[in-house]
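First comes the structure, then the notes that go with it.
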């Protein structure tokens with residue numbers, strides 16, 4: 008069973024709890040303000056950054072995001088709950104997202120999903136006991152030419168056969184991308200964190216282009 | 054027929070095609086230089102003349118859309134719709150993966166044509182690898198001075214930002230996308246006002262699909278006459294076709310809109326025929342929202358008009374998935390119903406309740422617990438939702454109606470056979486468990 012009972016007697020947000028978002032994270036969220044006409048529009052980028060930093064978006068984090076964006080916490084919760092990628096409770100270290108659209112289903116996606124469930128011992132939306140994997144399904148990953156496909160964190164695995172699942176899940180590098188990453192929505196790096204404490208503004212958090220300049 | 058020379062996919066397979074250097078070495082960023090020497094109105098007129106119809110599904114002419122913008126506007130926004138979520142469509146993914154600079158160039162030209170100084174590229178949340186590729190390409194364009202202040206020595210400045218969604222099909226609808234961009238739920242807005250008048254942040258906004266914008270540099274470079282010379286007059290220009298399912302060469306192929314579904318499946322340079330001696334039972338020819346074709350309707354032309362003659366909603370995204378002869382149509386029905394049941398945004402009652410009930414009914418039919426009248430209930434539900442009868446805000450429920458309705462109508466005898474073959478009493482028992 009993937010459901011866990013919640014103690015409703017505990018307050019959702021502890022009074023006088025220490026903030027969960029560091030100054031560097033807040034600064035990174037604020038660095039998105041010039042991009043949009045309103046502060047509220049930074050909500051989706053902020054949720055991505057917070058989820059990538061904390062692993063999920065807690066009630067406390069939602070309240071703190073609301074404070075940064077100057078909107079009501081209910082607005083943050085309203086938006087967070089609409090999008091399926093945002094987790095409001097802790098997830099595993101790696102999230103396996105299995106596609107179940109019509110192309111994948113025609114190419115044996117259901118069998119692939121069943122094998123993963125059996126291999127991990129969890130159902131959809133469940134997390135393994137050791138916290139390594141969470142399992143979710145998604146309607147279409149736009150990888151229909153490589154059906155059946157699945158995502159492990161950011162990495163897409165194509166044409167997955169049911170018999171290859173145990174090897175795939177045992178591979179520690181199964182979430183490593185082969186391309187250069189952009190750190191736009193990543194947790195702030197140490198350099199950015201240091202500059203935030205020095206009250207310098209963190210501008211233009213785009214990935215570096217130095218390698219391109221060097222190449223020229 | 055002469056072999057079709059790929060235009061949109063010309064850089065696919067070239068090593069380093071995502072880098073600025075390789076793109077420029079193959080003639081990239083010449084069209085934008087040419088465009089910046091013309092007036093914005095001239096570009097709009099050229100795109101109008103080319104009759105570039107939107108590739109996202111609706112087929113609305115892009116030039117006409119740009120022409121709707123109010124003349125006295127102060128600030129304009131351009132949104133690139135990269136929220137490709139329609140199963141089984143992946144042409145935008147291929148474009149972004151292999152040629153992000155082509156998209157950026159087309160976007161700059163479009164932004165100049167509508168005088169938008171801020172561009173948002175909305176990428177669906179599932180596009181992780183594609184996000185990194187496109188972001189890298191944008192960074193390279195900034196570093197080269199192709200984006201930012203006074204690009205290419207002209208007076209035009211442009212800022213381009215990537216905005217990532219987080220898993221919602223409805224955000225591919227243009228007003229849903231705008232709401233999502235504003236940091237809200239992706240709930241489509243009532244139109245009018247159309248986004249061209251009042252869009253994101255209440256500013257005039259243009260929303261164009263990735264593939265549409267990728268066509269723009271080629272129209273500017275080679276002229277509208279070249280574009281209209283490809284394919285039939287009402288469906289001009291190169292188009293990407295996706296083919297998936299049990300075919301030999303699933304993938305994304307480029308061609309003129311004069312091919313049939315059968316050619317897409319069987320041509321050696323496209324689908325290449327079926328694998329393992331399977332044969333075609335049915336095809337969703339244009340993304341699943343457009344409806345289904347039975348095996349004897351494969352001569353449908355893949356253009357913007359012909360699908361209507363076969364009871365389909367339209368061309369959609371021209372992404373076909375083949376259903377093989379050994380696949381149970383109940384499973385297809387359940388898959389379709391589940392997709393829309395999950396992805397309905399829940400704003401309009403007819404769609405929220407209708408898609409949920411269609412999912413329930415399709416699930417029980419697939420679980421051997423169908424009732425003979427269920428097929429009629431499905432058709433009745435399908436008739437009572439959607440934008441066409443005026444019962445909902447966006448086109449999602451129309452997209453939900455067509456696959457269900459066409460599957461039930463075209464494969465009714467097979468579905469009825471399954472229902473009649475169910476063990477007696479099982480339906481009554483399972484109905485209690487399932488509902």
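Protein chains in written order, with my numbering: chain A, 8 to 223; chain B, 54 to 488. Even for Gly, the Cβ is constructed at its ideal location relative to N, Cα and C. Quick caveat, the model's predicted, so the values are computed rather than measured.
- Look at the region 436-450 of chain B: it has no residue with a C-beta under 7 Å from a C-beta of chain A.
- Between residue 82/B and residue 185/B, the CB-CB gap reaches or exceeds 9 Å.
- For residue 107/A, the three-state secondary structure derived from DSSP is coil.
- Neighbourhood of residue 157/B in chain A, by CB distance below 8 Å: empty, with the nearest CB roughly 14 Å away.
- Here DSSP, grouped into helix, strand and coil, assigns residue 269/B to helix.
- In the three-state reduction of the DSSP assignment, residue 78/A falls in the coil class, being assigned neither a helical nor a strand state.
- Residue 457/B places its beta carbon less than 9 Å from that of residue 386/B.
- When the alpha-carbon of residue 363/B is set against those of 339/B, 378/B, 372/B, the nearest one is in 339/B.
- Take the alpha-carbon of residue 454/B and the one of residue 403/B: they are about 12 Å apart.
- Annotation: residue 16/A to residue 58/A spans about 26 Å, alpha carbon to alpha carbon.
- The Cβ neighbour count for residue 121/B, taken over all protein chains shown within 10 Å, is under 16; the residue is labelled exposed.
- In terms of Cβ geometry, residue 181/B and residue 161/A form a close pair [threshold 9 Å].
- Ranked by how close their Cα comes to the Cα of residue 117/B, the residues 301/B, 97/B, 127/B, 132/B have 97/B in first place.
- In the DSSP assignment, residue 347/B is bridged to 335/B.
- As the crow flies, the alpha-carbon of residue 161/B is around 28 Å from that of residue 150/A.
- DSSP lists 114/B as the beta-bridge partner residues of residue 106/B.
- Residues of the region 324-337 of chain B with a C-beta atom less than 9 Å from some C-beta of chain A are 337, listed in chain order.
- Counting only runs of 4+ residues, the alpha helix (DSSP H) found wholly inside the region 123-205 of chain B occupies 144-151, 153-167, 181-196, in chain order.
- Here residue 192/A is buried. Its C-beta has 16 or more other C-beta atoms within 10 Å.
- Per DSSP, the beta bridge partners of residue 216/B are 175/B.
- Within chain A, the residues whose beta carbon sits less than 8 Å from that of residue 186/B are 186, listed in sequence order.
- Chain-order list of chain A residues neighbouring residue 404/B: empty, with the shortest C-beta distance near 15 Å, by a criterion of under 9 Å.
- Residue contact check for residue 365/B against chain A: no CB pair falls below 9 Å.
- In chain order, 103, 105, 142, 157, 172, 176 place their CB closer than 8 Å to the CB of residue 123/A, counting only its own chain and leaving out the 5 sequence neighbours on each side.
- Not a single CB atom of chain A sits nearer than 9 Å to the CB of residue 58/B.
- Not a single CB atom of chain A sits nearer than 9 Å to the CB of residue 421/B.
- For the region 188-216 of chain B, the set of residues with a beta-carbon nearer than 8 Å to any beta-carbon of chain A comprises 188, 189, 191, 192, 193, 195, 196, 212, 214, 215, 216, in chain order.
- Listed in chain order, the positions of the region 231-259 of chain B with a beta carbon within less than 9 Å of a beta carbon of chain A are 233, 234, 235, 236, 237, 238, 239, 240, 253, 254, 255, 256.
- Contact between residue 114/B and residue 101/B is confirmed by a C-beta separation of about 7 Å, below the 8 Å threshold.
- Within a 10 Å sphere around the beta-carbon of residue 479/B sit fewer than 16 other beta-carbons, which makes this residue exposed.
- Close CB contacts of residue 229/B within its chain, under the 6 Å cut and outside five residues either way in sequence, are with 223, 239, 241 (chain order).
- Within the DSSP secondary-structure output, residue 304/B pairs in a beta bridge with 296/B.
- Listed along the chain, the chain B residues whose CB falls inside 7 Å of the CB of residue 100/A amount to none; the nearest CB is some 16 Å away.
- Annotation: residue 120/A has no Cβ neighbours in chain B at a cutoff of 7 Å; minimum Cβ distance is about 13 Å.
- Secondary-structure assignment with DSSP links residue 262/B through a beta bridge to 134/B.
- With respect to the 9 Å criterion, residue 48/A and residue 235/B are classified as neighbours on the basis of their beta carbons.
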